[in-house]
Each structure stands twice: as C-alpha cells, then as structure tokens.
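> There's a structure below that I have some questions on.
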Amino acid sequence: MFGFLLLALTGCATTISGSASPLSVDGGQSAPTPSDVEETETQEPEETTSAPAPTTSDTGLQPTTIGQLEGFVSDSGDQLMTFTVDAITVNPGCNSPYSDPPATGNFVAVAVTINILALVDGESPLFFSSAEWHIIGPDGQRDNENSTFETYLCAAENEQLPSGPLGVGTYVGIVVMDTPHVSGQVIWTPSALGGLEGWSWTY
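Each residue of the sequence shown is one higher than the last, beginning at 546 in our numbering.
Written out as structure tokens, the structure is:
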C-alpha cells in the first residue's frame, strides 16, 4: 500500500517542450524601489506562526497547483515517487496523423513529469493509466468518460505519458482528456492509492 504526501518544496517546476504549452501565470507586482517607500516608524517584529499544512478535501482530493512538487510515500514513510503537472492546455493542436475532433467538445492536455525514486520490496513496478485522470466541471460534477477513443489519437504515441510497468527513472509525457468543459478541475486518482485519493488542479 502507498500513502500520498504534499512535498512542500519551491522552485520545482519544470518546463515541457512539445505540443502542450504552459498556462500564463501572473508573476505579481515588483518590489517597490526606495523612492516608492514612505518613511515609517520602526516597529518591533511581530511574532509569526508557520502556515498550516495543506489538507485533503472531503472528496479525497488534495488541491495543488501547476509546478508544485507532489509525491507518493510508502506506509513506512519512504519516498517512492515525485511528480509535477507542468502545464494544462485546453484544445491543444493534436499532432497525431490519425487525430479526430473531440467526442464531447474539447480536449484538455496535461503535461506531466514523473520521477520514480524507489520501489517497495516485493511490489510490482508502478502502472499508470489515462483512465485515472478526470475532469470536474464548473458545476462540481465529475466526468467519468474522459478517456475516449479520440484522446488516444490526439498526441503522437511518443509524447504520451507511458503507462508502465515503470521502474526507477524519470518519465515525461502528456495525458489528453475529452470533456465538454473549457474550465474546471483536472483530477488524478492513481490506482496505486486505491483510486479514491489523489490531487486536483484548477484550469
């Protein structure tokens, strides 16, 4: 059995070159220059407390963001795998010569980097499936038919995220889903976690 754990590290986003391009992210405001800062009375520093640890929702999904490092741990706490969702792209240009239009309206492509660090003794190599990925629409309802025949024909085979069996190593690829929704949440509920727990990303 596995558990899952938020790995609260910064600067872990990676870049994928290929058909899926990253969403634009607001970088925030620049730090003020000395001329922009008014002279203020010196104050004693306030006592600070650490931020609460991320929590899992009642649905078993842990909200996270593009570029945030996540991972699996074993029951004994050993780190087995880390991964990032590097980009979510709505209606990417399909590059397979056999591609067809989406069956339900839109393709959503998710670029993923997986690093398998170790395998549990006696356990089989890890398997992943595009059927573990789903969309939750703006109405809060989960799509259960996101892996249509058309999704397998969108990205070229060598760009798709490999399914396994996967040993120790780094794997980069794209998962394509078919959905009526151009916005919502992407969710991943790996079978390694029983298919009930996982992560969600807003797009």
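Think of the CB as a built atom: it goes at the ideal place given N, C-alpha and C, for glycine as much as any other residue. On a predicted model such as this, the values are computed, not experimentally measured, just so you know.
Can we say the segment 626-639 touches the segment 676-693, given the rule of at least three CB pairs closer than 8 Å?
no
> Helix or strand or just coil, what does DSSP make of serine 736?
Numbered from its first residue, the sequence shown carries residue 736 at position 191. Serine 736 falls in the helix class under three-state DSSP.
> What's the C-alpha gap between serine 644 and glutamate 704?
Translated into the one-based positions of the sequence shown, residue 644 becomes position 99. Translated into the one-based positions of the sequence shown, residue 704 becomes position 159. C-alpha separation (whole angstroms): 14 Å.
> Does the separation of the CB atoms of alanine 632 and alanine 663 fall below 8 Å?
Here the question's residue 632 lines up with position 87 in the sequence shown. Here the question's residue 663 lines up with position 118 in the sequence shown. No. Outside cutoff.
> Out of Tyr748, Tyr716, Glu702 and Leu606, which one is the CA nearest neighbour of valine 727?
Residue mapping note: residue 727 aligns to position 182 of the sequence shown, counting from 1. Taking only the C-alpha atoms, the option nearest valine 727 is Tyr748.
> Can you tell me which of the three DSSP states leucine 671 falls into?
Position 126 of the sequence shown holds residue 671. Looking at leucine 671 - three-state DSSP - the assignment turns out to be strand.
> Give me the Cα-Cα distance between leucine 711 and proline 683, rounded to the nearest whole angstrom.
For the purposes of this step, residue 711 is identified with residue 166 of the sequence shown, where counting begins at 1. For the purposes of this step, residue 683 is identified with residue 138 of the sequence shown, where counting begins at 1. Taking the straight line from one Cα to the other gives about 34 Å.
> Which residues mark the beginning and the end of the beta strand (DSSP E) in which phenylalanine 652 is found?
As a working note, residue 652 is residue 107 in the sequence shown. Looking at the DSSP string, the run of the beta strand (DSSP E) that includes phenylalanine 652 is 651-661.
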